[in-house]
Amino acid sequence: MSTLQPKVSFKEQMHQAREGAILQSACRLLGEKAFDAMTMDDVANAVGIAKASLYKHFCSKEELCSAAMVQILERVHVYLSALPAEQPAHEKLRALVRWSLERLLTNEMPLLPSRNSSLRAVLMANNDYLDRLVKVSDQIGEWITEAQAQGVINPTLPPLVVLYTLYARACDPVVTFLKESGQYSDAEIVDLVLRTCFDGLVAR
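Numbering-wise (full-length UniProt numbering), the sequence shown opens with residue 1 and increments by one.
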C-alpha cells in the first residue's frame, strides 16, 4: 500500500525554485569568473534578488559554491549513467569530454578552484562533494582501464594521468582562446579539442 507524500506548500515550492535559480547562476558565474573573482553580490544580481534573501539560502560564498559543485557532479553522474551500456568504453569517454566542452562553452561548467583557493579546502571537507567525486571518478576510471586493455588509449599511461587529463578538458583555456578568436564555431571548437585530446598532435 502506497503512502501519500506530504504536499509541498506554495511557500516551500517558491523557496526551492529560488534556490535552484541561485545554484544555476552560481554555476554560470563560476564558469565566467571562477570562485575567487565571484561575489555574492554578483549572484544576487544575476538571480534578481536582494543579497539578504540570498543569505537565507546560503550563509557564505563557500557554502553556495560547494552546493553548486555538488550539483555539477550530480549532473555528470546522471549523464554517465544514461550512456548506453553497450557503447564502447573509449566512445563513452569521448562523449563525456564532448559534453563537458559543450557545458564549458556555455559557462555551465564551473572552473576548478586553484590550489590556494579557500573553496578547495571547503570542498575537501564536504562529504557530499567527495562522495560524488569518488563515484564519478570510479566510473570514468573503469572505462579508462577498459579502453587501455583494448589498446584504444595508450596502456603505458597511468590511468590516473588519463583521468586528470580528461577532467582538465572541463576547464581547458584553449576553449576560451578559440572562442575569443572568432575563427571557429562552437561545434568546431569542440571537435578540435576532442581531436587534440584523444588523437594527439603527432601526424598520423
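Every residue gets a Cβ at the ideal spot worked out from N, C-alpha and C, and that includes glycine.
Q) Going by other Cβ atoms of all chains shown within 10 Å of its Cβ, with 16 needed for buried, is M124 buried or exposed? A) Taking the first residue of the sequence shown as position 1, residue 124 is located at position 124. So M124 counts as exposed.
Q. Where does N127 sit, in a helix, a strand or coil, going by DSSP?
A. Stepping through the sequence shown from its first residue, residue 127 is reached at position 127. Here N127 sits in helix by DSSP.
(Q) Below 8 Å, is the gap between the Cβ of L104 and the nearest heavy atom of the ligand ADP? (A) Ligands in the displayed structure: none, and consequently the ligand ADP is not present.
Q: State yes or no: is the C-beta of V162 within less than 9 Å of the C-beta of V97?
A: The sequence position of residue 162 within the sequence shown is 162, counting from 1. The sequence position of residue 97 within the sequence shown is 97, counting from 1. Result no, Cβ atoms of V162 and V97 do not sit closer than 9 Å.
Q.
With three or more C-beta pairs closer than 8 Å as the rule, is the region 97–107 touching the region 168–178?
A. yes
Q. A89 and E142: beta carbons closer than 9 Å?
A. Stepping through the sequence shown from its first residue, residue 89 is reached at position 89. Stepping through the sequence shown from its first residue, residue 142 is reached at position 142. Yes, they are a contact pair.
Q: Rounded to whole angstroms, what's the CA-CA distance from M14 to Y129? Just pull it up for me.
A: Position 14 of the sequence shown, counting from 1, holds the residue named residue 14. Position 129 of the sequence shown, counting from 1, holds the residue named residue 129. Whole-angstrom Cα-Cα distance: 26 Å.
Q. Since P173 is in the alpha helix (DSSP H), which residue starts that stretch and which ends it?
A. What you label residue 173 is simply residue 173 of the sequence shown in a count that begins at 1. First-last of the alpha helix (DSSP H) with P173: P173 to S181.
Q) For L80, which residues from the same chain have a beta carbon less than 6 Å from its beta carbon, with the 5 sequence-adjacent residues on both sides left out? A) Here residue 80 is taken as the residue at index 80 of the sequence shown, counted from 1. Correct list, in chain order: Q139.
Q) Is V202 helix, strand or coil when you go by DSSP? A) Position 202 of the sequence shown, counted from the first residue, corresponds to residue 202. In the structure shown, V202 sits in coil (DSSP, three-state: anything other than H, G, I, E or B).
Q) Does the region 64–80 come within contact of the region 146–159, defined as at least 3 CB pairs closer than 8 Å? A) no
Q: Could I get the ranges of all uninterrupted alpha helix (DSSP H) runs contained in the UniProt DNA-binding region "H-T-H motif" (39–58), with 4 residues as the minimum, in chain order?
A: 40–47 and 51–57
Q) Near M40, which residues of its chain fall below 7 Å by C-beta distance, leaving aside the five closest residues on each side in sequence? A) Translated into positions along the sequence shown, residue 40 becomes position 40. The answer, listed in chain order, is K51, L54 and K61.
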